[in-house]
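Enquirer: Numbering (my numbering), first residue to last: 15 to 280.
Handing you a structure now.
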Amino acid sequence: MATNEQGVVSTAQSAELHSLFHSQKQGILQSLEEPSSTSITDISKRISSLRTLVDSFGEGLPKYDRGRYASQITELESKVAILRAKEKPKSRFAFTKPKYSPSPGAGQSRASPTIPPPTSSQATSNVSSLTASSSDDVPCAPDSTAAAAASSTSTSASTMHTISSLTDTLVRPELAPGTGAYTLSLSHLCRCVIDLCPPHATDVTKPALTTLHAKDLQQCIMVAPVLPGSAMLSEMVDCLVIVGAQQNTFLDQHASVAERCVSSGH
Numbered sequence: 015m016a017t018n019e020q021g022v023v024s025t026a027q028s029a030e031l032h033s034l035f036h037s038q039k040q041g042i043l044q045s046l047e048e049p050s051s052t053s054i055t056d057i058s059k060r061i062s063s064l065r066t067l068v069d070s071f072g073e074g075l076p077k078y079d080r081g082r083y084a085s086q087i088t089e090l091e092s093k094v095a096i097l098r099a100k101e102k103p104k105s106r107f108a109f110t111k112p113k114y115s116p117s118p119g120a121g122q123s124r125a126s127p128t129i130p131p132p133t134s135s136q137a138t139s140n141v142s143s144l145t146a147s148s149s150d151d152v153p154c155a156p157d158s159t160a161a162a163a164a165s166s167t168s169t170s171a172s173t174m175h176t177i178s179s180l181t182d183t184l185v186r187p188e189l190a191p192g193t194g195a196y197t198l199s200l201s202h203l204c205r206c207v208i209d210l211c212p213p214h215a216t217d218v219t220k221p222a223l224t225t226l227h228a229k230d231l232q233q234c235i236m237v238a239p240v241l242p243g244s245a246m247l248s249e250m251v252d253c254l255v256i257v258g259a260q261q262n263t264f265l266d267q268h269a270s271v272a273e274r275c276v277s278s279g280h
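Below, the structure is given as C-alpha cells:
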C-alpha cells in the first residue's frame, strides 16, 4: 500500500477505495431489494469481502473515513439481519378444547351439587395455581424483537446528498428536516457559487457536513467549513476553493485552493 511520509495512504489509493467501495455497496443493496435472485448467505459473504477491503488499508486510512466506511457496512449487515428474520418461519400456536357431550336428560335428572366454600389455605393455593397456569398459556412473541433491534442500528449511518449538472447557480444543500451528519457529492457544475457553510454553525441539531467529494467543476467558487472527515477534489478547472479537512485530496485539479488540514484525533 503506497503511503506518504506521514504514513497516510496515497490520494490515488484513497480515490480507488472510494470508487470500489460504493460500487460494491450498490450491488449489495440491489441484491437486498431482490432477495429472490441471491441467497442471504451470498450477500453476507459479499459484505464480509467489503469489510476486508477497507481493513486492508489499515492505519494509513484516516480515522474518520474508517469509521464512515464501518458504519455503512454495519447498515448493510442490519438489513441482512432484518431480511433473515422475515424469512424465518414463525411458530404457530393452536389451542384445543375437549368436547363435552352430556347425555340426554342428565342435566334434568341430577341436582346441582352444593360446593362448600374453600378455606383460606385452599383459596391461596388455587390462586397460585391459576397464576402459574396463565403464565404458561401465554404465547411467546415472534422474532419481531430481533428485527426491530437490527433495524434501529441503520439510523447511525451518514446520509449521502448529491448535487449535479447546474450552471450559473447559487448552490446551497437543501436537506430534509432531521438530517444529521451527511456526505456531499458535487459534480458537473459550471460557473456556480457554492456555499456550504451552515447558517447556524453553533447549533448542533442542524445538519453537519462531514465529507466532501467534488468532481468536474468549472469556473466555480466554493466555500466549505472545516470538515471532520476528508475532502476529495478532482477535475477542477479555473475554480476558487476554500476548504479545511482532516485530509485534502486533489486529483488533476487546476484551481486556486486555500486549505487547512485538521490533525486526526484532535
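Ideal placement from N, C-alpha and C gives every residue a C-beta, glycine not left out.
Only a predicted model underlies this, so the values are computations on that prediction, with no experimental measurement involved.
(1) Identify, in the order they occur along the chain, each residue of the same chain with its Cβ nearer than 8 angstroms to the Cβ of residue 224, setting aside the five sequence neighbours on each side.
(2) From the DSSP output, which residues share a beta bridge with residue 32?
(3) Put residue 189 into one of helix, strand or coil per three-state DSSP.
(4) So, under 8 angstroms CB-CB, residue 64 and residue 93 are touching, yes? Tell me the CB distance rounded to an integer number of Å.
(5) Assuming residue 209 is part of the beta strand (DSSP E), what are its boundary residues?
(6) Hey, could you find the ends of the alpha helix (DSSP H) residue 86 is sitting in?
(7) Answer yes or no: do residue 180 and residue 203 have a C-beta to C-beta separation smaller than 9 angstroms?
(8) Given this structure, state the Cα-to-Cα distance separating residue 22 from residue 80, to the nearest angstrom.
(9) Would you identify the three-state DSSP class for residue 25, choosing helix, strand or coil?
(10) Please determine, among 24, 38, 231, the residue with the shortest C-alpha to C-alpha distance to residue 67.
(11) Which class does residue 197 belong to by DSSP, given the choice of helix, strand or coil?
(12) Pull up the distance between the alpha-carbon of residue 199 and that of residue 70, whole angstroms please.
(13) Kindly indicate the opening and closing residues of the beta strand (DSSP E) around residue 50.
(14) Which stretch, first to last residue, makes up the beta strand (DSSP E) that contains residue 182?
(15) Is DSSP giving residue 62 helix, strand or coil here?
(16) Report buried or exposed for residue 33, applying the criterion of at least 16 other Cβ atoms within 10 angstroms of its Cβ.
(17) Would you check if the distance between the CB atom of residue 206 and the CB atom of residue 226 is smaller than 9 angstroms?
(18) Hey, out of 29, 101, 255, 183, whose CA is closest to residue 55's CA?
(19) Tell me whether residue 243 sits in a helix, a strand or coil according to DSSP, three-state version.
(20) For residue 27 and residue 248, I'd like the C-alpha separation in whole angstroms.
(21) Quick check: what's the CA-CA separation for residue 191 versus residue 51?
(22) Under the assumption that residue 60 contacts residue 42 (Cβ atoms under 8 angstroms), give the Cβ distance between them as a whole number of angstroms.
(23) Please report how far the alpha carbon of residue 238 lies from the alpha carbon of residue 257, in whole angstroms.
Expert: Let's see:
(1) What you label residue 224 is simply residue 210 of the sequence shown in a count that begins at 1. So the qualifying residues of the chain are 78, 82, 172, 195, 196, 197, 241, 242, 243.
(2) Numbered from 1 along the sequence shown, position 18 holds the residue referred to as residue 32. In the DSSP output, where bridge partners are listed per residue, residue 32 has none listed.
(3) Looking up residue 189 in the sequence shown gives position 175. Correct three-state label for residue 189: coil.
(4) Here residue 64 is taken as the residue at index 50 of the sequence shown, counted from 1. Here residue 93 is taken as the residue at index 79 of the sequence shown, counted from 1. So it is not a contact: roughly 13 angstroms between Cβ atoms.
(5) What you label residue 209 is simply residue 195 of the sequence shown in a count that begins at 1. Residue 209 -> beta strand (DSSP E) spans 207 to 209.
(6) In the sequence shown, the residue the question calls residue 86 occupies position 72. Note, residue 86: alpha helix (DSSP H), 77 to 101.
(7) Reading the sequence shown from its first residue, position 166 is the one you call residue 180. Reading the sequence shown from its first residue, position 189 is the one you call residue 203. Less than 9 angstroms divides the Cβ of residue 180 from the Cβ of residue 203.
(8) The count along the sequence shown starts at 1 and reaches residue 22 at position 8. The count along the sequence shown starts at 1 and reaches residue 80 at position 66. Going from the Cα of residue 22 to the Cα of residue 80 covers about 12 angstroms.
(9) Counting from one through the sequence shown, the residue named residue 25 turns up at place 11. DSSP, read as helix, strand or coil, puts residue 25 in helix.
(10) The residue given as residue 67 occupies position 53 in the sequence shown. When 24, 38, 231 are compared, the shortest CA-CA separation from residue 67 is found for 38.
(11) Your numbering for residue 197 matches position 183 in the sequence shown. Here residue 197 sits in strand by DSSP.
(12) Taking the first residue of the sequence shown as 1, we reach residue 199 at position 185. Taking the first residue of the sequence shown as 1, we reach residue 70 at position 56. About 25 angstroms.
(13) Residue numbering aside, residue 50 sits at position 36 when the sequence shown is read from its first letter. Premise fails: residue 50 is in no beta strand (DSSP E) and is neither H nor E.
(14) Residue mapping note: residue 182 aligns to position 168 of the sequence shown, counting from 1. It is not in any beta strand (DSSP E) - residue 182 carries neither H nor E in the DSSP assignment.
(15) Against the sequence shown, residue 62 aligns to sequence position 48. If DSSP states are grouped into helix, strand and coil, residue 62 belongs with the helices.
(16) Taking the first residue of the sequence shown as position 1, residue 33 is located at position 19. Residue 33 comes out exposed.
(17) Within the sequence shown, residue 206 is the residue found at index 192, counting from 1. Within the sequence shown, residue 226 is the residue found at index 212, counting from 1. At a Cβ-Cβ threshold of 9 angstroms, residue 206 and residue 226 do not count as neighbours.
(18) Position 41 of the sequence shown, counted from the first residue, corresponds to residue 55. Residue nearest to residue 55 within the set 29, 101, 255, 183 is 101 (criterion: CA-CA distance).
(19) Taking the first residue of the sequence shown as 1, we reach residue 243 at position 229. Of the three classes helix, strand and coil, the one that applies to residue 243 here is coil, per DSSP.
(20) Indexing the sequence shown from 1 puts residue 27 at position 13. Indexing the sequence shown from 1 puts residue 248 at position 234. Roughly 14 angstroms between the two C-alpha positions.
(21) Here the question's residue 191 lines up with position 177 in the sequence shown. Here the question's residue 51 lines up with position 37 in the sequence shown. Their backbone Cα atoms lie some 35 angstroms apart in a straight line.
(22) Mapped onto the sequence shown, residue 60 falls at position 46. Mapped onto the sequence shown, residue 42 falls at position 28. Between residue 60 and residue 42, the beta carbon gap of about 5 angstroms places them in contact (Cβ cut-off 8 angstroms).
(23) Locating residue 238 in the sequence shown gives position 224, where the first residue counts as 1. Locating residue 257 in the sequence shown gives position 243, where the first residue counts as 1. Straight-line Cα distance between these residues: approximately 5 angstroms.
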